[in-house]
Amino acid sequence: MIARRDVLAGLLAALAGPVWADAPAVVPRPPRRPEPGEDRAVNRLIEAAKLSGALAYVVADRATGRVLAARDAGLLLPPASVAKAITTLYALEKLGSSFRFRTRLMRRGAVVNGRLEGDLLLVGGGDPNLDTDTLGDLAAALAATGLRSVAGRFIVCDGALPRLWRVSADQPDHLGYNPAISGLNLNYNRVHFEWKPAGQGWQLAMDARGERFVPPVSGVQVALAAREMPIFSYEGGEPVERWTVAEAALGEGGSRWLPVRRPAPYAGEVFGKLAAAQGVTLPPAEVEPHPPADAVEIVAHEGDDLPKVLADMLRFSTNLTAEVVGLTASGAGSLAGSAAAMTDWARRRFGISARFVDHSGLGAQSVITAEDLVRVMLRAGQARQGEMLAGLMRETGLTDAEGKEMKSSPIRIRAKSGTLNFVSNLAGYVAAPGRDLAFAIIAADPERRAAVPMYEREEPQGGPGWTRRARRLHREMIRRWAEAYL
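Everything in the sequence shown is counted per our numbering, starting at 88 for the first residue and increasing by one.
If you want it as C-alpha cells, here you go:
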C-alpha cells in the first residue's frame, strides 16, 4: 500500500516549478503564460482586481491531497503573518499543548515584621500576554503575605529570552507591531501616549493602562518638536526612553500606543507603582538576567495554556506573541538563530522550501511558496499535535458578491491572513459537508513594497486600496472554489 504522505508529496512535487532555497525576497517577474491546471475563472477575477505584482495560489482536496487548481505554485514570495501558522505548529510540537508561561515573585532573605531582609525579584518567563492588571494582582498577592518593605534591592529578571530591540529594522520606530522582545514583557511592550489641548499648549501623558489599573510612567517620556515630519522620533536614552512628536500633527487631541524598547525597566517601574498602591514600598528596579539559585518563590502567575495563546495570536496577529513562542520553542540565543531553527524544522517536517527570518512574518526577507503553504496545511495533521491547527484558526463563513457573510451556507472557512505593505495572503481550509479543501493565496508586489520610503510605511500611497482589492479577490476566489469543488 502506498502511504498517504507519499501520495501527497508526489502530487505536490509534480505540480511544483523550480524552487531555490536561498532565493532573494524580491523575485523578478517575466511576462507569464497560463499554466496547465490554472482555474480560468479565477484568472479572470485576478485580472479584474488589477493588482500589481504576483498572484500565486494552490487549492487541493484535503482528504486526498489532489491539487484542483494552481498558479505560480513554486514562486517564492513573502508569507507575511501567514508565517504564524508555521510558528503555531512549531511551538505545539516543541513545547506541547500543556505549556504555560510563568511570571514569578521571588525573594532572597527572610521577612521580619513585614520587612524583607534581602532582595525582591520579579522574574519574567517571557509571557507575551502579561499586562498591567496581572501585575496589579501580583502586587496585591504580595501585599497579602504581609510584606511592606524591602531592605535590599528590587530586581527584575528578563533573561528567559534574548533581548531584542525590535523584530524588523525596516519599519518606522513608532509602530507598535514592531516591538522589543525580552524575557519580561508588559502590555505587548507598548506604553500609552495621550495628548490633550491645555490653554495655548498641550497636556502630554504616558501611562501603562490596563482595565483596572492606570499607573503613570516616567521611564518613557515624550516631548513636543517644532516640525511636520516625521510625526514621531525615538531619541533613545538610558535610563529614560525619550520620544519626540511633531506638534503640527497633534490635531485636536488623541492617543496611541508607542513601543517600549527596554521592557524590563518599564515592567519594573510599573510593578513598583502598583505595589506602592497596595502599601508595599520598593526601591527602584534594577535589571539582571536571571534570579540567583537561592531565591525562593513567593507567588506566581500562570498564563493561559499554549493553545489559547496561539489561538489569540492567530486571531489578532500579534507579532510579539509569535516571536516569544518561537524563541521559547527553539531556545536559541538570537532571533536569527531561532528563525533558522524553525526553517530547518519546517523543511524536515513538511518538505518545503521556505526560509524564515523571524516567527511573525514581519520581516520581508522571509519567503514561502503557495505550494509550501498547502503542503503544510495538508500535512499538519501528521505532525505531533499539528491536527490542532485548523481548530485554532479563526472561523468565518462564505461571503456573497457584496462581501456579506452568507448565513445560510454550510461552508465554513478557517484560515490565517497575512498583510504587509503590498502583500496580502490567506491560507487555510474551506470545509463543507462531505469535502474539505486546503488552499493558499499569495498576492505580493515585493518591488513596490521595497520602494516605499521609511516615513510612508505606516500607510503608503496606494497601499490601502491595493490591500482592499486583494482581500476582495481572496473572498471571490474562495467563493469560486466553493462553487466548483464543494
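The beta-carbon is built from N, C-alpha and C at its ideal position, and this holds for glycine as well.
Between the region 234–248 and the region 376–387 there are three or more C-beta pairs closer than 8 Å, enough to call the two in contact.
Contact between P533 and L164 is confirmed by a C-beta separation of about 7 Å, below the 8 Å threshold.
Around the beta-carbon of V301, fewer than 16 other beta-carbon atoms lie within 10 Å, marking it exposed. Per DSSP, F443 lies in no beta strand (DSSP E) segment and is marked neither H nor E. The beta carbons of A178 and A428 sit no closer together than 8 Å. In the DSSP assignment, D399 falls within the unbroken alpha helix (DSSP H) covering L393 to F403.
Using a Cβ distance threshold of 8 Å, P215 and V411 count as a contacting pair.
Contact between the region 268–281 and the region 335–345 is present: 3 or more CB-CB pairs across the two stretches fall below 8 Å.
Taking a cut-off of 8 Å on C-beta distances, the region 223–231 does not touch the region 285–292, as fewer than three cross pairs fall below it. Only residues of its own chain outside the window of five on either side were considered, and among them H261, V332, A333 and A336 have a CB closer than 8 Å to the CB of I318, listed in chain order. In the structure shown, N200 falls within a coil segment according to DSSP collapsed to helix, strand and coil. Residue burial annotation: S504 is buried, with at least 16 other C-beta atoms found within 10 angstroms of its C-beta. By the Cβ test, the region 171–187 is not in contact with the region 195–209, since fewer than three Cβ pairs between them sit closer than 8 Å. Fewer than three Cβ pairs drawn from the region 486–502 and the region 190–197 lie within less than 8 Å of each other, which leaves the two stretches out of contact. Using a Cβ-Cβ distance cut-off of 8 Å, the region 349–366 and the region 301–310 are in contact, since at least three pairs of beta carbons, one from each stretch, lie closer than that value.
Taking the Cα positions, R131 is about 17 Å away from V146. Of the residues assessed, Y264 falls on the buried side of the cut-off, its CB having 16 or more other CB atoms within 10 angstroms. Counting the other Cβ atoms within 10 Å of the Cβ of P350 gives 16 or more, which makes it buried. Taking a contact to require three or more Cβ pairs closer than 8 Å, the region 467–486 and the region 528–545 do not qualify as touching. Ranked by Cα distance from A364, the options F403, L155 and A231 are led by A231.
Looking at the DSSP output, Y144 sits in a beta bridge with R158 and I528. Just measuring C-alpha positions, the residue of R442, D459 and L460 sitting nearest Q452 is R442.
Counting along the chain, the unbroken beta strand (DSSP E) around M293 starts and ends at G288 to D294.
Following the DSSP letters along the chain, one finds E281 inside the beta strand (DSSP E) bounded by residues R277 to A285. Contact between the region 150–159 and the region 542–559 is absent, with fewer than three C-beta pairs closer than 8 Å. The residues V237, R240 and F241, in chain order, have a CB closer than 7 Å to that of P370 in the same chain once the five nearest residues on each side in sequence are set aside. According to the DSSP assignment, P346 belongs to the beta strand (DSSP E) that extends over G341 to P346.
In the structure shown, A467 falls within a helical segment according to DSSP collapsed to helix, strand and coil. G521 counts as exposed, since fewer than 16 other beta carbons sit within 10 angstroms of its beta carbon.
For F358, the uninterrupted alpha helix (DSSP H) segment begins and ends at P350 to A364. Taking C-beta atoms as the reference points, A387 and R189 count as a pair closer than 8 Å. Membership of D206 in the beta strand (DSSP E) is indicated by the continuous run D206 to V210. The three-state reading of DSSP puts A170 in helix, counting H, G and I together.
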